[in-house]
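Structure, as structure tokens:
Residue numbers (my numbering), protein chains in the order written: chain L, 1 to 278; chain A, 279 to 606; chain H, 607 to 898.
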């Protein structure tokens, strides 16, 4: 385990090195994070008064609701696509077989990139929220409990990582070596419409709300909003319910994802192989 | 006859970064003079980084020289670079450059035929001709990634021949191919030159390839041409002559001296050694003396067991020439 | 001259054909492309449901939020191709090693670049029509056709002005040697200023004054202002909104036309000139392709 962690950290360190080699890229990525949340911040300013009645649970504060939701959704999006994109990048750079042939296989590489994404997203989340609170007047609970917030962040990240791994299995099963992977794309679509990223859940037609409760993002966003806007910790029943539901999704998605990717790798080894031919 | 390519004192300097803000100049081509005749297969031989690609890009009008003069097909390389580019063809070292994997072999050629402005009425016939000529007809509806690298390189050559430009630059055309693929491509290079009369300028770091294909070879090292001649003349210049080792029956000491005297007196014999059971003789050319040498030995009652000839290879010439400039 | 134009046109057509073959060979992507537009419009519609009880007043842009944002999508899709794509296409030509081959052909410097851009044109221009259609058919968007010719003029101006900026962006690949890094012109304009200050999702009056002033420097602001006044039912042609409209004595639409035309007349020739200069610089430096 220690060796695996060390190998994964090496890959994470490579990502950091890439950022230091192209510092302009890193700076622009940071700016982009702020801008994409900023767009929705302004949308929420426009519609705040209209959304207030549907957000009594959060004190009618659509701005905080939107900012927290979009921020965590973006983080989740980057992790969701990470496994498949990692495989695709390494494949086309002709590194995938090299990674696969080392002791820990592709896993050290993928987990390494996850570690980097986790750390980077955590820093960006804090930075954007601090900026939002100090410069843009976003209202978060001043005594928000950090441990539950961090707990939601960790479990949510691992959940979408698991789903991403399932999608990454399609890299080999469906030979999707370029373009978008359909499973993660499909999840993204459903989440954007049904998980309350951009609007209150009460807007969603009653007949379709069952879709909402099938998505882990719903519980994650609900929980993280309760923690950050209302300051509710795990002693709050709603928060606890959201956390436990998310945890269940996390376990299921990780197990399924690990199985799928391993299966995909075995399929590839038996078939066309892992590398680019020629 | 006016050469199709004539360059004098060509220089190309790149700036190489050696710090965040520091850089130093590096002469990739450092004063090259070259004349290439029409219909010739001309080789540029050199190690990696010798300046071969930089030189042909300047001759093809893709790279502007920093100094020197030159004309390609009568066009000035500074003022008329667009005309030069329109009159030459080029094949890159990587077969996949310019080949679209989403188009079939034939579709790739159809695409480039339009871009290269081949007249519509000639397109199909020309494509068919090239596919047949380069043995790709059976694969015309295949995807490029499903054919071998050698075939993809032939596809690249076919693309370069869509418009029959008088000069074809081939930059290390076999470097990424296996032995069979490389051999096939070399055969086609010769065929292109013989059948179409196209002047071919070929860069390679495979010495045997230059030896087999080229009428003349220029050895390039650190941006300068250090030798330029036919392979035969390069050998002569190096004073490395063809030699023969004849293993024979025992020769007594007195007979050794007598035979040596007879052999060294022969015209075209450059050097000669007669030992107890072997005779070594080199000649310029060897073919003109070998028969007489064997006659003399037989006349002296010496049994001949075997005759081996040894041509100094272009590799020896190359290494000797380059090493004499201080490389190891 | 005629022959040359015919040749350039034939090459553009064959590039377009090639790009279409490539685009359509990824069938899954084609479906995703279609559904993406539907999804974006759905999200906007859902947002608009929050205003179901009390209509939103976007004066002078009417009150239909879906129409308001759908028009934003139209400009966004055009800009995404024309402004955002050129740099990536030049990079693709560079990394693919094909710039040398294109220069060895008789076509102009611009033709291969525009030909390769066709992939994005296929991808994004039809989304304009799809957005309008989805909005109208499924999500209650309403459009006024009374000023259609003027609306088309503004679409043409935004198309040309963003193409000019896109060419400036593309030229930085060679002129400023932005080979590995994200290209800052495109990033700053497209991903920061346009994203925040053009007002795709909201009228720019929501923005702080500083961002509104920043938005005055991009053509999108004027195109969106004009299109929304002209196409959204209830759009008002006289009320001034943009900072520059307040400064100048003309009507808002006149200000929009003048500014957009000026931006086009500056950006397009400048972009072409810089792009050609970039190629010539690369030819001098030996950086046309990665094959060196």
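Every residue, glycine too, gets a C-beta built ideally from N, C-alpha and C. Model, not experiment: these values are computed from the prediction.
Residue range of the alpha helix (DSSP H) that residue i falls in?
i	result
residue 523 of chain A	Counting along the chain, residue 523 of chain A falls outside any alpha helix (DSSP H), though it belongs to the beta strand (DSSP E) covering 520 to 526.
residue 694 of chain H	691 to 701
residue 836 of chain H	825 to 837
residue 303 of chain A	Here residue 303 of chain A belongs to no alpha helix (DSSP H); instead the beta strand (DSSP E) covers 301 to 314.
residue 226 of chain L	216 to 230
Let me make sure I understand the geometry here. Which of the options has the alpha-carbon closest to that of residue i?
i	options	result
residue 329 of chain A	A:381, A:419, A:562, A:496	A:496
residue 306 of chain A	A:291, A:318, A:528	A:291
residue 452 of chain A	A:385, A:441, A:464, A:444	A:464
residue 459 of chain A	A:413, A:580, A:500, A:444	A:413
residue 397 of chain A	H:793, H:617, H:628	H:617
residue 217 of chain L	L:245, L:236, L:204	L:245
residue 159 of chain L	L:80, L:74, L:89, L:20	L:80
residue 732 of chain H	H:864, H:644, H:800	H:644
residue 359 of chain A	H:689, H:770, H:711, H:673	H:711
residue 367 of chain A	A:575, A:385, A:440	A:440
residue 485 of chain A	A:302, A:391, A:325, A:362	A:325
residue 669 of chain H	H:882, H:860, H:834	H:834
residue 791 of chain H	L:28, L:14, L:4	L:28
residue 436 of chain A	A:391, A:457, A:287	A:391
residue 759 of chain H	H:615, H:789, H:742, H:862	H:862
residue 186 of chain L	L:77, L:235, L:7, L:126	L:77
Cβ of residue i less than 9 Å from any chain H Cβ?
i	result
residue 368 of chain A	yes
residue 257 of chain A	No answer is possible for residue 257 of chain A: the residues shown for chain A start at 279 and end at 606.
residue 335 of chain A	yes
residue 279 of chain A	no
residue 35 of chain L	yes
residue 392 of chain A	yes
residue 372 of chain A	yes
residue 289 of chain A	no
residue 442 of chain A	no
residue 340 of chain A	yes
residue 25 of chain L	yes
residue 229 of chain L	no
residue 143 of chain L	no
residue 134 of chain L	no
Can you check whether the C-beta of residue i is within less than 9 Å of a C-beta belonging to chain A?
i	result
residue 623 of chain H	yes
residue 608 of chain H	no
residue 698 of chain H	no
residue 777 of chain H	no
residue 648 of chain H	no
residue 694 of chain H	no
residue 684 of chain H	no
residue 838 of chain H	no
Could you please give the first and the last residue of the uninterrupted beta strand (DSSP E) stretch that includes residue i?
i	result
residue 543 of chain A	Careful: residue 543 of chain A lies outside any beta strand (DSSP E) and carries neither H nor E.
residue 653 of chain H	Where residue 653 of chain H is concerned, there is no enclosing beta strand (DSSP E), although the alpha helix (DSSP H) it sits in stretches over 633 to 655.
residue 652 of chain A	Limits of chain A in this structure are 279 at one end and 606 at the other, which puts residue 652 of chain A out of reach.
residue 480 of chain A	477 to 482
residue 355 of chain A	From DSSP, residue 355 of chain A is part of no beta strand (DSSP E); its letter is neither H nor E.
Does any residue of chain L have a CB that is nearer than 9 Å to the CB of residue i?
i	result
residue 635 of chain H	yes
residue 828 of chain H	no
residue 748 of chain H	no
Task: Members of the region 874 to 893 of chain H that neighbour chain A once the beta carbon cut-off is set at 7 Å - done: Close to chain A, meaning a Cβ-Cβ distance shorter than 7 Å, are the following residues of the region 874 to 893 of chain H: 889, 890, 892.
- [ ] Return the residues of the region 77 to 94 of chain L that lie within a Cβ-Cβ distance of less than 7 Å from chain H, sorted by chain order.
- [x] none
Task: Proximal residues, the region 191 to 203 of chain L versus chain H, C-beta separation under 7 Å - done: Interface annotation for the region 191 to 203 of chain L against chain H: 192, 193, 198, 199, 203, criterion Cβ-Cβ distance under 7 Å.
- [ ] Using a Cβ-Cβ cut-off of less than 9 Å, list which residues of the region 44 to 64 of chain L approach chain H; keep chain order.
- [x] Within the region 44 to 64 of chain L, the qualifying residues are 45, 46, 47, 49, 50, 51, 53, 54, 62.
- [ ] Taking only beta carbons into account, state which residues of the region 706 to 735 of chain H come closer than 7 Å to chain A, listed in chain order.
- [x] 706, 707, 709, 710, 711, 712, 713
TODO: Report yes or no: do the region 37 to 53 of chain L and the region 208 to 226 of chain L share at least 3 C-beta pairs separated by less than 8 Å?
DONE: no
- [ ] Select from the region 304 to 333 of chain A all residues with a C-beta closer than 7 Å to any C-beta belonging to chain H, and list them in chain order.
- [x] Within the region 304 to 333 of chain A, the qualifying residues are 331, 332.
Open item on the list: Contact between the region 777 to 795 of chain H and the region 633 to 650 of chain H is defined here as three or more beta-carbon pairs at a separation below 8 Å; is this criterion met?
Closed with: Segments in contact, no.
- [ ] Spell out a yes or no on whether the region 649 to 659 of chain H and the region 820 to 833 of chain H are touching, meaning 3 or more CB-CB pairs, one atom from each, closer than 8 Å.
- [x] Cβ pair count under 8 Å is below three, so no.
Open item on the list: For the structure I just gave you, are there three or more beta carbon pairs, one from the region 127 to 146 of chain L and one from the region 23 to 43 of chain L, closer than 8 Å?
Closed with: yes
Task: Three CB pairs or more closer than 8 Å across the region 255 to 274 of chain L and the region 163 to 178 of chain L - done: yes
TODO: Taking 8 Å as the threshold, find out whether the region 689 to 696 of chain H comes into contact with the region 860 to 869 of chain H through three or more Cβ pairs.
DONE: no
- [ ] For the region 386 to 410 of chain A, enumerate the residues whose C-beta is nearer than 7 Å to any C-beta of chain H, in chain order.
- [x] 389, 392, 393, 394, 395
Open item on the list: Short of 7 Å Cβ to Cβ, which residues in the region 799 to 829 of chain H face chain L?
Closed with: 801, 802, 807, 808, 812, 813
TODO: Pair every Cβ in the region 315 to 325 of chain A with every Cβ in the region 467 to 480 of chain A, then say whether three or more of these pairs are closer than 8 Å.
DONE: In this structure the region 315 to 325 of chain A touches the region 467 to 480 of chain A; the number of beta carbon pairs closer than 8 Å is three or more.
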